[in-house]
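One gets the numbering used here by counting positions in the sequence shown from 1 and adding 3 to each.
Every residue, glycine too, gets a C-beta built ideally from N, C-alpha and C.
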Amino acid sequence: MDKFPEQRLSIVVIELVGGAALKDCIDAVMGAEAEYIVVTRSAQPALERAFPNLTVMVCDAPLPQRRRRGFLQAKGEFVVMLEDSTRISAEHVQAGVDAAFRRPEVAAASGPVVVDAALKPRFQALGCTEYGRYHRQQVFAGDAASSVAVERLPGNLFCYRKQAVEELVQSATDGLIEANINDALIQAGGVLLMETGLTNRYAVDDEWSARLRTRFHHGHLYSGQLAQSLSLPARAIQLIKALLLPLVLSLRAMGFMHRMEEINKPLQVVMWIFLLETFWSLGEVAGVLLGAPKSMGHWR
4 MDKFPEQRLS IVVIELVGGA ALKDCIDAVM GAEAEYIVVT RSAQPALERA FPNLTVMVCD
64 APLPQRRRRG FLQAKGEFVV MLEDSTRISA EHVQAGVDAA FRRPEVAAAS GPVVVDAALK
124 PRFQALGCTE YGRYHRQQVF AGDAASSVAV ERLPGNLFCY RKQAVEELVQ SATDGLIEAN
184 INDALIQAGG VLLMETGLTN RYAVDDEWSA RLRTRFHHGH LYSGQLAQSL SLPARAIQLI
244 KALLLPLVLS LRAMGFMHRM EEINKPLQVV MWIFLLETFW SLGEVAGVLL GAPKSMGHWR
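What follows is the structure, given as structure tokens:
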């Protein structure tokens, strides 16, 4: 395998959970031939002492803005965006990026997400709702292929060919929202790839993201932004769909869960799936009726 010289690969770690989770994430991914950046919400002198080759950037702003700040700071030809709730080794990052970007048309890549078997049911449920569609059994469905072109990538870990997305990120005043960037890449003829070499593990009890209140606000933000561009009849249809979402989203997440060998208390996980998806759906109803919230403050 060809090694990545430092100027070719940048790894940007985004503080989501913080504390020991952030340190463990950095520790796991250290050792690649890469530029290392971490974007935190507050000063982290202990991190700078522990990892002398780490550039620490402080950005007390919603998650998309922290991502944008870190991405634009990165100098590498390929930029890995990694949330601290996720674990992947330096070896797998280097090998996975090398494999994923061999084809020049590939603009972005990620890998299957495994939900840690040691997580409590509430957080395994969050993993099912957020990342169940990206589990290997879903992405490859028994296919022996090592990579597959897709239309969406998980937000916990994704990699960009910087030249392909830099202008998009610079002009994204709301920050780096991967769904928006990825849609623009596909429209421009770029390829999004799921690569088994970038398989990663959702491994941390993310208390903030698993709060029912947070789920409500995230659903409100998602639906409110979508509703802004809709006509009144289209909003009415969106409202009807939102009212059906608790059942639809819960059944979908349970379907993902059924394929996951790592789920250890399925009945409790199912209960939490239903609660998480119900509060998300209530947020979507609020978004249709009230429009988008004034800020992204809950998107931590």
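Endpoints, beta strand (DSSP E) assigned at residue i
| i | result |
| --- | --- |
| Glu36 | No beta strand (DSSP E) contains Glu36, which DSSP labels as neither H nor E. |
| Arg204 | Asn203 to Tyr205 |
| Leu57 | Leu57 to Val61 |
For residue i, three-class secondary structure by DSSP
| i | result |
| --- | --- |
| Glu287 | helix |
| Leu12 | strand |
| Pro107 | coil |
| Ile240 | helix |
| Arg155 | coil |
| Asp27 | helix |
| Asp5 | The predicted position of Asp5 is uncertain, since its pLDDT is 46 and thus under 50; a value taken from the coordinates is nonetheless stated next. It is coil, neither helix nor strand. |
| Glu210 | coil |
| Pro48 | helix |
| Ala256 | helix |
| Arg262 | coil |
| Gly135 | helix |
| Pro249 | helix |
| Phe277 | helix |
| Pro296 | coil |
| Leu233 | coil |
| Phe54 | coil |
| Ala93 | helix |
| Leu129 | helix |
| Phe282 | helix |
| Ala187 | helix |
| Leu171 | helix |
| Ala98 | helix |
| Val272 | helix |
Those residues which DSSP pairs with residue i across a bridge
| i | result |
| --- | --- |
| Glu198 | Ser150 |
| Ala112 | Cys162 and Leu196 |
| Glu86 | Ile17 |
| Thr43 | Val61 |
| Phe81 | Leu12 and Arg164 |
| Val117 | Arg204 |
Expected contact under 8 Å - CB spacing of residue i and residue j to nearest Å
| i | j | result |
| --- | --- | --- |
| Val32 | Ala102 | Not confirmed; about 17 Å, so no contact. |
| Leu201 | Ala187 | Between Ala187 and Leu201 the Cβ distance is about 21 Å, and since that is not below 8 Å, they are no contact. |
| Met197 | Val142 | 5 Å |
| Gln241 | Ala230 | 6 Å |
| Met274 | His138 | So it is not a contact: roughly 20 Å between Cβ atoms. |
| Glu133 | Leu195 | Contact doesn't hold; Cβ gap of about 18 Å is too wide. |
| Ala295 | Gln228 | 5 Å |
| Ile17 | Ala35 | Not a contact, Cβ separation roughly 17 Å. |
| Val20 | Ser88 | 5 Å |
Short CB-CB distance (under 8 Å) between residue i and chain D
| i | result |
| --- | --- |
| Gln173 | Among the chains in the structure shown there is no chain D, since it carries only a single protein chain. |
Unbroken alpha helix (DSSP H) run spanning residue i, endpoints
| i | result |
| --- | --- |
| Gln68 | Leu66 to Gln76 |
| His221 | Leu215 to Ala230 |
| Lys268 | Looking at the DSSP string, Lys268 is not in any alpha helix (DSSP H), and its letter there is neither H nor E. |
| Asp177 | Note, Asp177: premise wrong, no alpha helix (DSSP H); not H, not E. |
### Query
Three or more C-beta pairs closer than 8 Å, one from the stretch 279-287 and one from the stretch 218-225: is that the case here?
yes
### Task
Say whether the stretch 69-80 touches the stretch 122-136, bearing in mind that this needs 3 or more beta-carbon pairs closer than 8 Å, one atom from each stretch.
no
### Task
Decide yes or no for the touch test of the stretch 41-58 against the stretch 159-170: beta carbon pairs closer than 8 Å, at least 3 of them.
no
### Message
Check whether the stretch 105-120 and the stretch 143-162 are in contact - that is, three or more C-beta pairs closer than 8 Å.
### Response
yes
### Task
Tell me, please, whether the stretch 38-45 touches the stretch 235-253 by the rule of three or more beta-carbon pairs shorter than 8 Å.
no
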